[in-house]
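Going down the list, the protein sequences come from chains A and B. Letter 65 of the first sequence, counting from 1, is numbered 143 in our numbering, and no numbers are missing. Letter 5 of the second sequence, counting from 1, is numbered 21 in our numbering, and no numbers are missing. Ideal placement from N, C-alpha and C gives every residue a C-beta, glycine not left out.
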Amino acid sequence: MLEPKHVEGMHNKHKVFLYTLTTCGWCRKAKALLQELSVSYDYVDVDDQEGSNRELAKEEVIKWNPACSFPTIVLDDKDCVVGFQEDRIRELATE
Amino acid sequence: MRGIADERVAEVWERLVLEAREAGYCVNPDDTFARELVRGLLENEARYGYRACPCRLASGVQTRDIDLVCPCDYRDADLDQYGVCYCALYVSPEVNRGEKTAASIPDRRPIGGPAAEAKEMEQVRVAGLAFPVWRCKVCGYLCARPQPPLVCPVCKAGKERFERFM
Numbered sequence: 079m080l081e082p083k084h085v086e087g088m089h090n091k092h093k094v095f096l097y098t099l100t101t102c103g104w105c106r107k108a109k110a111l112l113q114e115l116s117v118s119y120d121y122v123d124v125d126d127q128e129g130s131n132r133e134l135a136k137e138e139v140i141k142w143n144p145a146c147s148f149p150t151i152v153l154d155d156k157d158c159v160v161g162f163q164e165d166r167i168r169e170l171a172t173e
Numbered sequence: 017m018r019g020i021a022d023e024r025v026a027e028v029w030e031r032l033v034l035e036a037r038e039a040g041y042c043v044n045p046d047d048t049f050a051r052e053l054v055r056g057l058l059e060n061e062a063r064y065g066y067r068a069c070p071c072r073l074a075s076g077v078q079t080r081d082i083d084l085v086c087p088c089d090y091r092d093a094d095l096d097q098y099g100v101c102y103c104a105l106y107v108s109p110e111v112n113r114g115e116k117t118a119a120s121i122p123d124r125r126p127i128g129g130p131a132a133e134a135k136e137m138e139q140v141r142v143a144g145l146a147f148p149v150w151r152c153k154v155c156g157y158l159c160a161r162p163q164p165p166l167v168c169p170v171c172k173a174g175k176e177r178f179e180r181f182m
């Protein structure tokens, strides 16, 4: 069972879920920008998962993004943004 | 965070910057960003035993991830096309001078790694060569000698990153 971590923000109209790596600079930028914009989000650091959770997390990422690259950002359980796309993240604070 | 000491990160980062400069490469001029990537490399080294790309999910099996060990096999092609490597530890001279900004780029690594579509590089057999010719998969350096060098003199990649070219 994955245990996503939650970060609270003022903007919570959208469900924002990130699959990230603790070591990745672009993942770090994505999280930092969401916090700066005060957007609520949940995340799973895939490289920090142990045992079967690592495979489980990988499978979840691949479902959204077959390349299994990071960050993979899932919006409202339907859209997927791959990589650090600043404009797409900023939109989350304007709507 | 795996608790790599800041001094260790700074020391490795400084060495990388110097080595890059000597070999004609540039480390990302955003020092904070670059140092955090170096920390990621060291965390991966502690975790997996090798410096896997901080922005890719390593399998933990070195032979399967050999193309992802920094500098990765894809760095030079990405520098040519995008001005940054995948994690943006290395940048082009234009980005280094601030004429272009570093951005997140698509991964050119084949899905599942090179083993997923393994094919031997086409070798040109040349008769009468006194020595085999070895090619560094990271930077393309060629040398004719019985065995590849322990370390690539250009990009410092290890012996295991060489393939027989001729």
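Within the same chain, show all residues whose beta-carbon is closer than 8 Å to that of residue i, passing over the 5 residues directly before and after it, in chain order.
i               : result
I2 of chain B   : The displayed coordinates of chain B run from 17 to 182. Any statement about residue 2 of chain B would go beyond what the structure contains.
A145 of chain A : V160
D83 of chain B  : D89, Y90, R125, G129, P130, K153
P109 of chain B : C42
Y106 of chain B : A36, Y41, C42, V43, N44, P87, R91, L95, V100
Q127 of chain A : L80, L134, A135
L166 of chain B : G174, K175
E137 of chain A : none
R168 of chain A : L111, L115
R166 of chain A : I151, V159
C168 of chain B : C152, V154, C155, Y157, G174, R177, F178
K156 of chain A : none
If you compare alpha carbons, which of the options is closest to residue i?
i               : options                       : result
V77 of chain B  : B:Y90, B:A104, B:D22, B:G128  : B:G128
C102 of chain A : A:V94, A:S147, A:W142         : A:S147
A173 of chain B : B:C88, B:P130, B:A143         : B:C88
P45 of chain B  : B:V100, B:D96, B:A146, B:L73  : B:V100
E176 of chain B : B:C86, B:C103, B:R24          : B:C86
E115 of chain B : B:Y98, B:C103, B:C171, B:Y102 : B:Y98
I121 of chain B : A:N90, A:D123, A:Q163         : A:Q163
T48 of chain B  : B:Y66, B:A39, B:E38, B:V25    : B:V25
K109 of chain A : A:R132, A:K91, A:H84          : A:H84
A50 of chain B  : B:W29, B:Y66, B:A39, B:L34    : B:W29
P149 of chain A : A:K91, A:H89, A:H92, A:C105   : A:C105
C155 of chain B : B:D22, B:R113, B:L34, B:A39   : B:A39
What is the C-beta distance between residue i and residue j, in whole angstroms, given that I count them as a contact (C-beta under 8 Å)?
i               : j               : result
G87 of chain A  : L111 of chain A : The Cβ separation is near 11 Å, so there is no contact.
V94 of chain A  : S130 of chain A : Rounded, the Cβ-Cβ distance is 26 Å, inconsistent with contact.
D125 of chain A : P82 of chain A  : Contact flag wrong, Cβ pair sits at about 15 Å.
V142 of chain B : Y157 of chain B : Going by Cβ atoms, the distance from V142 of chain B to Y157 of chain B rounds to 19 Å, so no, they are not a contact pair.
V104 of chain B : A118 of chain B : Looking at the sequence provided, one finds Ala at residue 104 of chain B rather than Val. Rounded, the Cβ-Cβ distance is 5 Å, consistent with contact.
Taking the straight line between their C-alpha atoms, what separation do you get for residue i and residue j?
i               : j               : result
E27 of chain B  : F181 of chain B : 35 Å
L107 of chain A : P126 of chain B : The sequence shown places Lys at residue 107 of chain A, rather than the Leu named in the question. K107 of chain A and P126 of chain B: Cα-Cα distance of roughly 25 Å.
V149 of chain B : R161 of chain B : 7 Å
E52 of chain B  : D154 of chain A : 30 Å
Y64 of chain B  : G144 of chain B : 43 Å
C71 of chain B  : E114 of chain A : 22 Å
D123 of chain B : L99 of chain A  : 15 Å
K91 of chain A  : V111 of chain B : 36 Å
A171 of chain A : K141 of chain A : 26 Å
V139 of chain A : Y66 of chain B  : 24 Å
D22 of chain B  : A146 of chain B : 49 Å
Y102 of chain B : H89 of chain A  : 31 Å
R113 of chain B : C159 of chain B : 32 Å
L34 of chain B  : R132 of chain A : 36 Å
Leaving out five residues on either side along the sequence, give the residues of the same chain with a beta carbon under 6 Å from the beta carbon of residue i.
i               : result
F178 of chain B : W150, C152, P164
I151 of chain A : L96, V159
T79 of chain B  : none
D81 of chain B  : A68, A74, S75
D123 of chain A : T98, T100
Based on the DSSP output, what are the partners of residue i in its beta bridges?
i               : result
H92 of chain A  : BP columns for H92 of chain A are empty, so no partner.
C159 of chain B : B:W150
C42 of chain B  : B:V107
G174 of chain B : B:V167
K83 of chain A  : A:Y121
Y97 of chain A  : A:V122, A:T150
D157 of chain A : A:L153
V100 of chain B : B:V107
A26 of chain B  : None, per the DSSP bridge assignment.
R3 of chain B   : The structure shown has nothing for residue 3 of chain B, since chain B only spans 17 to 182.
Between residue i and the rest of its own chain, which residues show a CB-CB distance below 7 Å, the 5 nearest in sequence each way excluded?
i               : result
L32 of chain B  : V43, V54
L134 of chain A : L80
N143 of chain A : T150, C158, V160
Could you tell me whether any Cβ in chain E is nearer than 9 Å to the Cβ of residue i?
i               : result
W142 of chain A : In summary, chain E is missing from the structure at hand, where the protein chains are A and B.
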